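Some notes on the structure that comes next.
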Amino acid sequence: MFWTGGDLAAQVPPDQTVRMVSQLGVSCGQLGIHPSAILNNEQVTAWKTALNTEGMEIVTVFASYLGESYASIPTVRETVGFVPSLTREVRETRTYECSDFALELGVSGLATHIGFVPEDRTDPEYIAVREMVRRVCDYCAQNDQIFALETGQEPARVLRNFIADVDRENLGINFDPANMILYGSGKPLEALETVRDHVVTVHCKDAKWPTELGQWGIETPLGEGDVCIDKFLTKLKEIGYGGPLIIEREITGEEQQADIRAGIALLEKLKTPLLATEKPKKRSNP
Numbered sequence: 157m158f159w160t161g162g163d164l165a166a167q168v169p170p171d172q173t174v175r176m177v178s179q180l181g182v183s184c185g186q187l188g189i190h191p192s193a194i195l196n197n198e199q200v201t202a203w204k205t206a207l208n209t210e211g212m213e214i215v216t217v218f219a220s221y222l223g224e225s226y227a228s229i230p231t232v233r234e235t236v237g238f239v240p241s242l243t244r245e246v247r248e249t250r251t252y253e254c255s256d257f258a259l260e261l262g263v264s265g266l267a268t269h270i271g272f273v274p275e276d277r278t279d280p281e282y283i284a285v286r287e288m289v290r291r292v293c294d295y296c297a298q299n300d301q302i303f304a305l306e307t308g309q310e311p312a313r314v315l316r317n318f319i320a321d322v323d324r325e326n327l328g329i330n331f332d333p334a335n336m337i338l339y340g341s342g343k344p345l346e347a348l349e350t351v352r353d354h355v356v357t358v359h360c361k362d363a364k365w366p367t368e369l370g371q372w373g374i375e376t377p378l379g380e381g382d383v384c385i386d387k388f389l390t391k392l393k394e395i396g397y398g399g400p401l402i403i404e405r406e407i408t409g410e411e412q413q414a415d416i417r418a419g420i421a422l423l424e425k426l427k428t429p430l431l432a433t434e435k436p437k438k439r440s441n442p
């Protein structure tokens, strides 16, 4: 996963960003849209040219919003996604802009963190977020897009119930196993089983459990945390997932690139015995 700007971006033009990603040895990924990114025709052309030049496919455009902060879990509750009521309207508009930007790039998937969904399905805030997600799904449907919710900020059963309540065919899940650990919201493999029918894309990311309730866990290089990435891949095969394995490493610089390269090598190694049990087919991208 790579970004148009912000703390996790390389701070270079689109052509250099895409070239750097391509040089890691991948041919597809997710493009995160920084909250301040200007999504005009000039940027569409720049990104489209860069992607076409490198033969890079974007499977998902990932929306983020002004005012969001991941400084602490309580801060996430207060600032992230569609749950904060004061920013809901402007974020809905921004989501539509990201959907249109994705359409111009030929991308059929849009995703975001919608925030901590309340567990009480009669909560007025739950209902407000549900209605907003319905509108977003309907807008994305007009653009022939799936809208995916990122996992982690609530237990899998809450997310499954929410999806049932939204009741839109183009609503799915971008499953991030490490987020379940980082937020302490559930065991990744059990969570994956709970939402198995809704997974459209996945992140390959790793983390260690928090040592204190309500505190962050710690993100690690792939294979060095508590996700058990080998079992995660086996579970993905079991549920019939055949999409890309998107590596997300939320640091920057040379360490990030080294960790991504190591992650690619690990995934290739772990995929080999799994693929050996199947009929030959086109190799998927890490």
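This note's numbering numbers the first residue of the sequence shown as 157 and each following residue consecutively.
Glycine included, C-beta positions come from ideal geometry on N, C-alpha and C.
No experiment lies behind these values; they were computed from the predicted model shown.
Residues near residue i in its chain [Cβ-Cβ closer than 6 Å; skip 5 each side]
{"i": "aspartate 415", "result": "Pro377, Arg405"}
{"i": "lysine 393", "result": "Leu430"}
{"i": "threonine 354", "result": "It should be pointed out that residue 354 corresponds to histidine in this sequence rather than to threonine. Once the five neighbours on either side are set aside, the close Cβ partners of histidine 354 are Ile319, Gly328, Ile329."}
{"i": "aspartate 382", "result": "Ile337, Lys364, Trp365"}
{"i": "alanine 312", "result": "Gly342, Ala347, Thr350, Val351"}
{"i": "alanine 258", "result": "Val217, Leu266"}
{"i": "glycine 399", "result": "Thr357"}
{"i": "glycine 373", "result": "Ile337, Leu338, Ala363, Lys364, Trp365, Pro366"}
{"i": "glycine 162", "result": "His190"}
DSSP state of residue i mapped onto helix, strand, coil
{"i": "tryptophan 203", "result": "helix"}
{"i": "glutamate 349", "result": "helix"}
{"i": "cysteine 384", "result": "coil"}
{"i": "asparagine 299", "result": "coil"}
{"i": "glycine 342", "result": "coil"}
{"i": "leucine 328", "result": "At residue 328 the sequence reads glycine, which differs from the leucine that was named. The answer is strand: DSSP assigns glycine 328 an E or B state."}
{"i": "histidine 190", "result": "coil"}
{"i": "isoleucine 374", "result": "strand"}
{"i": "valine 174", "result": "helix"}
{"i": "proline 429", "result": "helix"}
{"i": "glycine 419", "result": "helix"}
{"i": "proline 319", "result": "Note on residue identity: the sequence assigns isoleucine, not proline, to residue 319. Three-state DSSP puts isoleucine 319 in a helix."}
{"i": "aspartate 163", "result": "coil"}
{"i": "threonine 408", "result": "coil"}
{"i": "alanine 227", "result": "coil"}
{"i": "glutamate 210", "result": "helix"}
{"i": "lysine 216", "result": "Strictly speaking, residue 216 in this sequence is threonine, with lysine absent from that position. Strand."}
{"i": "glutamate 424", "result": "helix"}
{"i": "lysine 361", "result": "coil"}
{"i": "glutamate 368", "result": "coil"}
{"i": "leucine 392", "result": "helix"}
{"i": "valine 356", "result": "strand"}
{"i": "glutamate 310", "result": "coil"}
Whether residue i touches residue j by CB criterion (8 Å)
{"i": "arginine 324", "j": "cysteine 293", "result": "yes"}
{"i": "valine 289", "j": "tyrosine 282", "result": "no"}
{"i": "glutamine 413", "j": "leucine 180", "result": "yes"}
{"i": "methionine 157", "j": "serine 178", "result": "no"}
{"i": "valine 217", "j": "isoleucine 189", "result": "yes"}
{"i": "arginine 286", "j": "valine 322", "result": "yes"}
{"i": "leucine 327", "j": "lysine 387", "result": "no"}
{"i": "alanine 267", "j": "alanine 297", "result": "no"}
{"i": "glutamine 301", "j": "serine 241", "result": "no"}
{"i": "aspartate 531", "j": "isoleucine 385", "result": "Residue 531 is absent from the structure shown; the chain starts at 157 and stops at 442."}
{"i": "glutamate 275", "j": "valine 215", "result": "no"}
Own chain partners of residue i with C-beta closer than 7 Å, once the 5 adjacent residues on each side are dropped
{"i": "glycine 308", "result": "Asp332, Asn335, Met336, Leu338, Tyr339, Ser341"}
{"i": "proline 170", "result": "Ala202, Trp203, Ala206"}
{"i": "histidine 269", "result": "Val236, Gly237, Glu306, Gln309"}
{"i": "tyrosine 295", "result": "Tyr252, Ser255"}
{"i": "arginine 175", "result": "Glu210"}
{"i": "isoleucine 402", "result": "Met157, Gly185, Gln186, Thr357, Val358, His359, Cys360"}
{"i": "arginine 417", "result": "Leu180"}
{"i": "glycine 223", "result": "Thr235, Thr243"}
heavy atom of the ligand PLP below 7 Å from residue i C-beta
{"i": "histidine 359", "result": "This structure lacks the ligand PLP, and indeed carries no ligand of any kind."}
Cutoff 8 Å; reference residue i; Cβ partners in own chain excluding five residues on either side
{"i": "aspartate 279", "result": "none"}
{"i": "valine 168", "result": "Met176"}
{"i": "arginine 291", "result": "Glu248"}
{"i": "lysine 391", "result": "Leu345, Leu348, Glu349"}
Exercise for the section: State whether the region 236 to 250 contacts the region 176 to 184, with contact taken as three or more CB pairs (one from each stretch) at a distance under 8 Å. Expected result: no
Exercise for the section: Evaluate the contact criterion for the region 215 to 235 versus the region 194 to 202: three or more CB pairs, one atom per stretch, below 8 Å. Expected result: no
Handout entry: Inside the region 230 to 280 only - alpha helix (DSSP H) runs reaching at least 4 residues
Key = 244 to 261
Problem - the region 367 to 376 in contact with the region 344 to 353 per 3-pair CB rule at 8 Å - result: Touching, no, given that fewer than three Cβ pairs across the two stretches are closer than 8 Å.
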